[in-house]
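So the sequence shown is residues 8 to 409, counted in my numbering.
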Amino acid sequence: KPVANRLGHWNVPTQRVDSILALALEAEAMPGARVLVTHRGQVVMDRTVGTLDGTHPVTPESVYDVASITKVAATAMALMAMQSEGTFDPDEPMDTWLPRLKEHGMGSRTGRELLTHQAGLEPWIPFYVAALADSSGVFANEATEGCDVPVAPGMFMESSYADSVWHMIMHSELKDPGTYKYSDLGFYLWHDWLQSRGMSLNDWVQTAMSDPMGWHSLGFLPLERGIALSDIAPSEEDLVFRQGEVRGTVHDPGAAMMGGVGCHAGLFSNAYDLAELGEMWLRGGTLRGVRLVDESILDAWTRRGYPEGDNRRGIAFDKPALDPDSGPTCNLSSWESFGHTGFTGTLLWVDPTHDLVYVFLSNRTYPDASNTALLRMDTRTEIQRVVLEHLEAESRFPAELD
């Protein structure tokens, strides 16, 4: 059953939200969107607008590629579980977990530094560009022995190319730690560590989270889990790398080169399952009598990782901006709130002060990933502002007019 039936349902005025969504559709900021808001465990807003692909309408059960929400909805959940088991400590250096980093500068950086994006790593590396330029032929149209990593339908990559990805990360510029710079590269290291432990993040999410909670849409590799292609929003017409529509496989090229399961991207979900994940965070790690994460660990991860500095981030989780009118939220979001955005046009945000969960799902990257209208229009944060104004929330910056 959808979350509306499990958590209850009551309505709030939605005209202002509908107007914001209508403006975004008119500006072609995205083909369509899902908006779901829960307050005090009740669904207070549940909207579907537009289409998935220009033809098929968005439905309440539509599934989206949530991009970097993967970092908190999958990777952070797994690492927090390992911390509660005593097999992970975010304040230990990375060479504790990856011995092959002992002779590299990254080895002395702590898990906390990587997860708060102040380890000195470069933001990202376009691995697919180097792979396409490789004259040895990294990709093939059919799976063969040694070339069986599924990248897209009819596209497979040599499994040994993972060593080339590692080599590029190891030879990327590494700056002194302590300065905030958002980076996906650290999450490639987590992927490597989990693999070295024989752990599949895909399997862990399924067995530790989605199966016990009944979250049928939340997970990696949706087509392999029986989700219909027609229920999944496409994320791009990729004319360079995959040379076709990206639908049902991960949008992020680096995660695609990992077979669709990355620690930084690859997760898919509908709005209902993401909202329940947010409700679980809001309730201290427990939902419907099932505990998924230790409350004290969750509390530590969702606070600022370095409160004495100018880095707003929690451990893996994003936090409100330290300056007004910036960051992933409106000024009315509380300092205690946390969540994450996704490159594809998604947002999951939890506000304990206001007992609120806000989910925004879209595929603003379809058909063209260079479309930034959703960002320029602040559609996600403007909807959040309307909801918090309805709750008479006060600005984090009392001297500022919000």
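Don't be surprised by glycine CBs; every beta carbon is placed ideally from N, CA and C.
Collapsed DSSP secondary structure at residue i in the structure displayed
i    : result
R319 : coil
P9   : Note that P9 scores 41 on pLDDT, short of 50, meaning its location in the model is unreliable and no value can be drawn from it.
R116 : coil
L246 : coil
H397 : helix
S143 : coil
P260 : helix
R298 : strand
V24  : helix
M37  : coil
G251 : strand
A138 : helix
S303 : helix
A150 : coil
A410 : Shown here, the chain extends from 8 to 409; a query on residue 410 therefore has no answer.
A159 : strand
G15  : Its pLDDT being 44, under 50, G15 is placed unreliably by the model, and nothing is read from it.
M384 : coil
Pair within 9 Å by beta-carbon distance, residue i and residue j
i    : j    : result
S333 : Y71  : no
A278 : P67  : yes
A262 : T82  : no
G291 : E302 : yes
T372 : E243 : yes
S179 : L128 : yes
S167 : G144 : no
S340 : S276 : no
G296 : D325 : no
M264 : V158 : yes
M101 : L201 : no
Burial state of residue i, where buried means 16 or more other Cβ atoms lie within 10 Å
i    : result
M206 : exposed
V24  : buried
L28  : buried
N148 : exposed
N12  : Caution applies to N12, whose pLDDT of 44 falls short of 50 and renders its modelled position unreliable; the model cannot decide the point.
A406 : exposed
G61  : exposed
Q22  : exposed
E401 : exposed
E379 : Reading off the sequence, residue 379 comes out as Thr, not Glu. Exposed, because fewer than 16 other Cβ atoms sit within 10 Å of the Cβ of T379.
Y413 : Because residue 413 is not part of the residues shown, which for the chain are 8 to 409, the question remains open.
P38  : buried
V136 : exposed
Q391 : buried
L139 : exposed
K109 : exposed
T214 : exposed
S69  : buried
When the options are compared against residue i, the one with the closest alpha-carbon
i    : options                : result
G48  : I390, A406, D358       : D358
D98  : R116, P106, D325       : R116
T336 : I132, L395, D183, R311 : L395
P160 : L59, E231, F404, P100  : E231
G185 : R319, R387, K326, L355 : R319
R107 : D170, L289, L299, A88  : D170
F163 : V172, T151, H174       : T151
E120 : W173, G312, V300, V364 : G312
A376 : T386, A240, E35, T351  : T351
CB contact check: residue i to chain C, cutoff 9 Å
i    : result
H198 : Chain labels in this structure do not include chain C; a single protein chain is all it has.
Taking the runs of the alpha helix (DSSP H) that are 4 residues or longer, which of them lie wholly in the segment 169 to 239? You should have 192 to 203, 208 to 211.
For the segment 42 to 122, list the beta strand (DSSP E) runs that are entirely contained and at least 3 residues long, ordered along the chain. 49 to 57
Output the residue ranges of the beta strand (DSSP E) runs that lie fully inside the segment 308 to 380 and measure 3 residues or longer, sorted by chain position. 345 to 349, 353 to 358, 363 to 369
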